[in-house]
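Enquirer: Please see the structure below; I have some questions.
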Amino acid sequence: MITANPQPNIDAIKTHYYEDNRTVIRDILSVDSAQSLANALNKSSAFDYAYVKDGQPSLISPDDTAAMAPEEQHKMRQEIHRQGSQGAGYLFGSHVINHQSEMLFKQASEWLNSEATLNLIRQVTGKDDVSLASVQATKFMPGHFLTRHQDTNDRDKRRLTFNLNLTPNWHPDWGGLLQFYQTDGTPRDAWAPDYNSMALFDVNHIQSITYVTPLAPVPRLSLSGWFRAS
């Protein structure tokens, strides 16, 4: 069972959001729920590698990657890096939560889609048409990254992006920061993935997840996705 902490400072969170259409909701989950999810994400073998292949979003399982000849793996990694160098690519562990996912992941998705959570998001952001959440679990290991982009998608009616961070004691020197940009690509500021905090922002923001360095001794774990209109 996933449970949330009460949010006594909704007005302060709302004020922060309206400064720039982005905010952080800290300690959003109960202590037990955050710890259970963090442990489940860390132990799960359900993650595929998400990357861009021939200009299209693609997934490949760790087993299929391991079965490739070393030359093929090297070529794939070179292509991922080539696209990333041009600002068009990503590489990270992804598991889109669905009815086949393990129970705790499904419970997390149900909590994000609950009326209590959706009402909190509507209160904080003023986006009254928010009615559902699309959720994936992500695992960023050393060498993983997500280049600069916007999450706008009219077909999906995305309104807000969220990142619910679930790695305790993440150090900013490890990379994996949520980096924001101006429209000309100039970096603005970056948010560390603080444990049990939800970064929440309008999909028009330009953002990335910076390269996770070899210094990181643990994966950068999160539940991420979009709050959408129906």
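For the sequence shown, our numbering gives the first residue as 993, with consecutive numbering after it. The C-beta atom is built at its ideal place from N, Cα and C for all residues, glycine as well.
(1) Would you identify the three-state DSSP class for Y1082, choosing helix, strand or coil?
(2) So R1140 and G1081 are in contact, right, with Cβ under 8 angstroms, and what is the actual spacing, rounded?
(3) Tell me the DSSP secondary structure of K1131 in three-state form.
(4) Does A1004 pass the burial test, meaning 16 or more other C-beta atoms within 10 Å, or should it be called exposed?
(5) Can you tell which of T1202, N1034 and E1063 has its C-alpha closest to the C-alpha of L1138?
(6) Measure the Cβ-Cβ separation of A1184 and P1134 and say whether it is below 8 angstroms.
(7) Under 8 angstroms, do N1188 and D1055 count as touching if we go by C-beta distance?
(8) In or out: V1127 buried (at least 16 other Cβ within 10 Å) or exposed?
(9) Going by the CB atoms, is the gap between R1150 and V1195 shorter than 8 angstroms?
(10) If you follow the alpha helix (DSSP H) that T1144 is in, where does it begin and where does it stop?
(11) Looking at the structure shown, is H1087 part of a helix, part of a strand, or coil, going by DSSP?
(12) Are the Cβ atoms of T1153 and D1143 separated by less than 8 angstroms?
(13) What are the residues that DSSP puts in a beta bridge with Q1099?
(14) Is P1049 near the ligand SAH, going by C-beta to nearest heavy atom under 7 angstroms?
(15) Using CA coordinates, which residue listed in A1061, A1026 and E1071 is at the minimum distance from D1046?
(16) Any chance you could list the alpha helix (DSSP H) runs of at least 4 consecutive residues sitting entirely within the stretch 1016-1068, in chain order?
(17) For the beta strand (DSSP E) that contains A1182, what are its first and last residues?
(18) Let me know if V1023 comes out buried or exposed under the rule of 16 or more other beta-carbons within 10 Å of its beta-carbon.
(19) Could you tell me the distance, in whole angstroms, from the CA atom of A1026 to the CA atom of L1158?
(20) Work out the CA separation of K1067 and K1098 for me, nearest whole Å.
(21) For L1110, which three-state DSSP category applies?
(22) State the DSSP-derived secondary structure class of Y1187, mapped to helix, strand or coil.
(23) Exposed or buried, what is K1035 when buried is set at 16 or more other beta-carbons lying within 10 Å of its beta-carbon?
(24) So, L1096 versus S1028, is the Cβ gap smaller than 8 angstroms?
Expert: From the atom records:
(1) strand
(2) Not confirmed; about 10 angstroms, so no contact.
(3) strand
(4) Label assigned to A1004: exposed.
(5) T1202
(6) Cβ distance not < 8 angstroms, so A1184 and P1134 don't count as in contact.
(7) no
(8) buried
(9) It is a contact, given that the beta carbons lie within the stated cut-off.
(10) Unbroken run through T1144: none, as it is neither H nor E.
(11) strand
(12) yes
(13) Q1099 is not bridged to any residue.
(14) Ligands are entirely absent from the displayed structure, and the ligand SAH is therefore not among its contents.
(15) E1071
(16) For the stretch 1016-1068, whole alpha helix (DSSP H) runs of length 4 or above, ordered along the chain, are 1023-1035 and 1054-1059.
(17) For A1182, the enclosing beta strand (DSSP E) has its first and last residue at P1179 to W1183.
(18) V1023 should be labelled exposed.
(19) 7 angstroms
(20) 36 angstroms
(21) Looking at L1110 - three-state DSSP - the assignment turns out to be helix.
(22) coil
(23) exposed
(24) yes
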